[in-house]
Amino acid sequence: MNDLDALQRDALAAIEAAEHLDDLDEVRVRFTGKRSDLTAIQKGMRDLEPEERKARGQALNAFREAFQAAFDARYEQLQGAALRERLEAERLDLTLPPRRVPPGRPHLLTQVEQEMLDVFIGMGFRVAEGPEAESGSYNFDLLNIEPDHPARQEMDTIYVDGFDDVVLRTHTSPVQSRVMTTSEPPIAVVCPGRTYRADAVDATHSPVFSQIEGLYVAEDVHMAHLRGTLLAFARAMFGADREIRLRPSFFPFTEPSAEVDVSFDGPGGNHGWLEILGAGMVDPNVLTFCGIDPDRYSGFAFGIGIERVAMLRHQVRDIRELFEADARFLARF
Amino acid sequence: MKLPLSWLRELVDLDLDVDDLTAVMSLSGLEVEDVTRPGAGASGIRTARVLHWEPHPDADTLRLVRVTGEGGDGEVEVVCGASNFDVGDVVVHALPGGFVPGVTGPDGGKGLTLEARRIRGVTSQGMIASAKELEVGDDHTGILVLDPDTPLGAPLDELIPVGDPVIEIAVQADRGDHLSILGVARDLAAILDTGWRVPQVPADPDGASVPVTLRTAACSAFHTWTLDDVHIGGSPLWLRQRLAQCGMRPIDVAVDVTNLVMLELGQPLHAFDLDRVRGPALTVREADGPEHLTTLDGQRRELVAGDLVIDDAERAVSLAGVMGGGDTEVSASTRRILLEGAVWEPTTIRATSRRLGLTSEASNRFERGVDPQGAGRAVARAAGLLQDLAGARPTGGGAALTEPEPDWAGRPTVTLDTTRVRRTLALDLSDADQVGLLERAGATVTATDVGTLSVTPPSWRRDLRRPADLTEEIIRLHGYDQVPEVMPALPTTGGLTAAQQLERDARQLALAAGFHEAKTRPFVGDDAIDGLVPSDGRVRLANPLAQDAAAMRPSLIEGLLQAVRHNHGQGRPGIALAELGRCFRPVQDPLAAALDAVVGDGWRWTDPEGQPIPVQPQVLALAAQGLKLGDGWLDVETRWSVTDLIDVFDRVARHLSPPDDDAWKLTRVPIERDGYHPGRSASLRLRGQEIGVVGQLHPEEADRRDLPEPVVVGELLLEPFLAAVPADGHPPIQARTLVRHPAMTVDVALVADESVAYATLEQAVRDGAGSLLDELWWFDEYRGAQVGEGRRSVAMRLRLQDPDRQLTDEDAERTIASIGEVAGAIGATLRR
């Protein structure tokens, strides 16, 4: 009996002394494995008298139970400690910025253009596009801009060499002439794209800029439709409380023609108007030139400078920033 | 056009102040650009007579001048730097304490308050002022010397309206009538529904003027007056101020009067020295071939057939409507004047003016159209002023008219459908309302039928020719703000086409990979780097803004590289940019040929006659340089690589192509091209045609651009994909049955010479694996002793599966063996 008591004392002390799960396993092998004293004691049982063997068996069971209970308790302790240790080791500083290249940003002009297009698409307009180096016929003649009319001179056209009459389009209206000469009313299109003028680069001028022009030709289109459409546009882009104002103007391709202002509330209760676009009722000559009967159909058209809207809305003060591709600018929007 | 308010008030009844007036003008088609008040604030300035002057004892260029005192008597001493005056002249004297508006103050601001000041030892009591200092002109070569009869001691603002507001308007291209005070006054009267008037003019003189023969219908009227006893001197102060307010310089009284009348009435006039006109007789004709005329500006001009000239009995003396001739110019010694006012056809004047590159105040007005009925009145007005200001005595007057009146000068009667006006404007404007508005504009209106008006526009309104023009005039005078707002119910379905949506998607795919979208100016010089399908073909500009912007970009890469350079210059460790836009090539170009081959017909733009215009397909371009970086994180290990670009282009091609169609897959063929790294550049091909390029810049090219390596660039034509998108989009992607039997993973490595491309090795593996192959990934590339010099090993992981059964080890063995066989045929061996 004494040997078992001593063994149990030693075993429990060893379990208590184990610092790691590996040590604990070693203790288990040392005290209960095939070559352990316990195994030797078990083997010695077969030489005992039945009475003695029974008592010895009970003592062995008691030893095993005590060992197992101590082992399990220690195992649980050590396993918990090990997990805590691992978790501690795996701690991440989640305030570190992620190691990842984020998606790039669409250009401000793209964002504004798409937003504007989507407003008109929601009203029922389709999107039409055309070439930037354009035939003078589509850019001027079909739009009632006569070759020697002062309006044509004022457009500061850039001409393409080697062709009779090809220009860098001065507006996206030639897309309208393309659509009108190839389709029947009702026509409702918006035409986004790049346009060109022979302007030297400065803070407010760029030889290349972009526009969205709109055209609606159908039966009984009137000027109130133009006003309603532009008011809805201005409110979608600038705010639901905006108003618009039409001022008489001249464009060869519209009659009546108007410059359109949108209202703004500046700091300190400063109310005013900002010019955002030109518009008007399609000139009957344009309809005739494009093969549409002006007695049956009428229409309105408008042209919006995308740079201007972007600069007004986002407080961009120098148009050059739109074209120099500085990452600080590009990533900002 | 600059409009002095005091001048406008002479011709139209205005009870608005300048702010209210400009507000009304801006809303009525008279776009106000600026309001200035030249001379505003002038005080303590009055007229004085020069009593005595002597050179300043200590300064050669200064004079000590004694002028009359404040009340016109007494004496005041002033130091003066000018020398264009003498004893007896009346000058303008600014007293100490007075404010001189045209002198820069000590703080750099506008205007100066005078003090008595010692100049080289002599105290100057104020100053004697020049026109510029008073802001009644820009002359600063001497002081302002007035008419000797001017009362002395008179404050300046009693002589002229000092600080009179000058309203500058932008004149619309179709409103030539706005190029005069009278024209704007008339329009304001129409807008405000108030009264207007023309200046009084003398009656025609009894005598005959010189004989005039009209030989061209490009002149509808030619009015002349002859005047004797003219004394050519300077103009009075009021006249000089008016010219200055309108931005013109005084010359002499004859020229100044013709300019004044042009500004006032819109009719350009010309004054000939009658004694230099041979004959005297005039003939108006078209030049019939090359001939020469020296114009007033001293230039010898070559005239061609179609230009309009005025001859005297012997030679051409004036380039009609543009500029007079030098030989018959009025000079200080002129005693007899021939005043001429004519009406010229706008298109002819414009053609001459453009061809000669010579625009004048006259040509500017004639080419926009003057009032064909206004020339006679203008000549009489000028003659009357010369009577008053230069002592002239009219001796004769006359008019030569082309009859019948040429079409271009006529104002045809327009038939107006009032119902249509109401419909166009969405306004219930009665017939009477419409008549009233048109009559306010000066038109003669009669109702010919119910709902039909016969409208004859006034002679000065060349822009009112059609019902649409009258409709605009009606709403302009009624007020654009009266038009209601109605949202139209469009009968069309809006939206993007499938191709437009895919184009947006292509941009998003590039952005998703970390590229920011740039927009660059599409002009290049001659040293732009080649992009896809290089050629020398350029779409050149006839009038480029600069020599380094003389052509449209044949490729987007140059623009992006310059943007990369900009960002590097800003100290960025890395940058990745994308641009979506058009490149430009001539009609005949290898790029166009490639598109013809890949797309077929229908992708080229033409003019209305079907003639081709430059080729300009949509391109997606990428450029990247330096380190990859995120939001607050810098990857010092990884630089942008050409493979990053390939990945984007492959994704774009796949997304824009019909699903599951291998014919649309881009193939990459190594290329050697100027400016590009010979081992890191590839042509992107579709059905054998180059439609894109990717590459790393050659080290020397990167160095030339002062860019740290690596710099990677590429571009892909979107046209082949977009052109092939059906109107309703590509067919929807069909689901694939998912195999439920477990898949088997097998790794194989092939060893081959370096010259064997990965694509070849992969194809061998695919061919060998056959139908069991589901997916394939390469995961290792090895070079070294184990595979031998000049060779490499590429390892791939294969996912095998069979829809009908579970695969066994035998399947794997068979697959590997089969791959080994196929690989052998291309000179590769299995490495196991």
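Chains A and W supply the protein sequences, listed in that same order.
Position one of the first sequence corresponds to residue 143 (our numbering), numbered consecutively onward.
Position one of the second sequence corresponds to residue 363 (our numbering), numbered consecutively onward.
Even glycine gets a Cβ: it sits at the ideal position worked out from N, Cα and C.
Taking a beta-carbon distance threshold of 8 angstroms, serine 277 of chain A counts as an interface residue toward chain W. Note: tryptophan 706 of chain W is bridge-paired with W:Cys581 in the DSSP secondary-structure output.
Of the candidates W:Asp889, W:Gly1130, W:Gly703 and W:Pro630, W:Gly703 places its Cα closest to the Cα of valine 574 of chain W.
Under DSSP, proline 390 of chain A takes part in a beta bridge, and its partners are A:Ala400.
At least 8 angstroms separates the beta-carbon of alanine 516 of chain W from that of threonine 430 of chain W. Straight across, the Cα-Cα distance linking arginine 717 of chain W with glutamine 980 of chain W is about 38 angstroms. Under the DSSP assignment, methionine 1158 of chain W falls in the beta strand (DSSP E) whose first and last residues are 1153-1162. Contact between phenylalanine 465 of chain A and arginine 944 of chain W is absent: CB atoms are separated by about 16 angstroms, not below the 8 angstroms threshold. Using a CB distance cut-off of 8 angstroms, isoleucine 263 of chain A counts as an interface residue toward chain W.
The Cβ neighbour count for glutamate 1034 of chain W, taken over all protein chains shown within 10 Å, is under 16; the residue is labelled exposed.
In this structure, the straight-line span from the alpha carbon of aspartate 147 of chain A to that of arginine 226 of chain A is close to 35 angstroms. Of the residues assessed, methionine 387 of chain W falls on the buried side of the cut-off, its CB having 16 or more other CB atoms within 10 angstroms. Valine 169 of chain A carries a helical assignment under DSSP once its states are collapsed to helix, strand and coil.
Residue A:Leu372 holds the alpha-carbon nearest to the alpha-carbon of methionine 849 of chain W among A:Leu372, A:Leu284 and A:Arg470. Selection A:Phe471, A:Ala467 and A:Phe475 evaluated against alanine 985 of chain W yields A:Ala467 as nearest (Cα-Cα).
Of all residues in the region 857-883 of chain W, only Gly857, Leu858, Thr859, Gln862, Arg866, Arg869, Gln870, Ala872, Leu873, Ala874, Ala875, Gly876, Phe877, His878, Glu879, Ala880, Lys881, Thr882 and Arg883 come within less than 9 angstroms of chain A when Cβ atoms are compared, listed by chain position. The three-state secondary structure of valine 451 of chain A, taken from DSSP, is helix. The alpha carbon of valine 1031 of chain W has as its nearest neighbour, out of W:Val666, W:Leu457, W:Gln863 and W:Pro1040, the alpha carbon of W:Pro1040. In this structure, the alpha-carbon of proline 935 of chain W lies about 17 angstroms from that of aspartate 1006 of chain W. Remark: C-beta atoms of leucine 815 of chain W and glutamine 796 of chain W approach each other more closely than 8 angstroms. Considering only beta carbons, the part of the region 434-463 of chain A lying closer than 7 angstroms to chain W consists of Ser440, in chain order. Counting along the chain, the unbroken beta strand (DSSP E) around leucine 996 of chain W starts and ends at 996-1001. Using a Cβ-Cβ distance cut-off of 8 angstroms, the region 1137-1151 of chain W and the region 1082-1096 of chain W are not in contact, since fewer than three pairs of beta carbons, one from each stretch, lie closer than that value.
Rounded to whole angstroms, the gap between the alpha carbons of valine 977 of chain W and aspartate 1012 of chain W is 25 angstroms.
For methionine 914 of chain W, DSSP records a beta bridge to W:Phe885 and W:Val901. Nearest to arginine 1193 of chain W by alpha-carbon distance, out of W:Val1110, W:Glu835 and W:Asp674, is W:Val1110. For leucine 1134 of chain W, the CB contacts under 8 angstroms within the same chain, skipping 5 residues up- and downstream, are Leu1162, Gln1163, Asp1164, Leu1169, Asp1173 and Thr1177 in chain order. Nearest CB-CB separation between leucine 953 of chain W and chain A: not below the 8 angstroms threshold. Taking all protein chains in view, the Cβ of leucine 190 of chain A is surrounded by fewer than 16 other Cβ atoms within 10 Å, so the residue is classified as exposed. Here valine 572 of chain W really is in contact with leucine 644 of chain W; their C-beta atoms are around 6 angstroms apart, less than 8 angstroms.
The C-beta distance from leucine 1028 of chain W to glycine 1054 of chain W rounds to 7 angstroms, short enough to meet the 8 angstroms contact threshold. The beta carbon of asparagine 726 of chain W sits closer than 6 angstroms to no other beta carbon from its chain once the five residues preceding and following it are set aside.
Annotation: Cβ neighbours of valine 269 of chain A in chain W (cutoff 9 angstroms, chain order): Gly856, Gly857, Leu858, Thr859 and Gln862. Ranking A:Ala376, A:Tyr439 and A:Ala421 by CA distance to the CA of valine 451 of chain A puts A:Ala376 first. Rounded to whole angstroms, glutamate 397 of chain A and alanine 851 of chain W show a C-alpha spacing of 22 angstroms.
Neighbourhood of arginine 902 of chain W in chain A, by CB distance below 9 angstroms: Val302, Asp303 and Gly304, in chain order.
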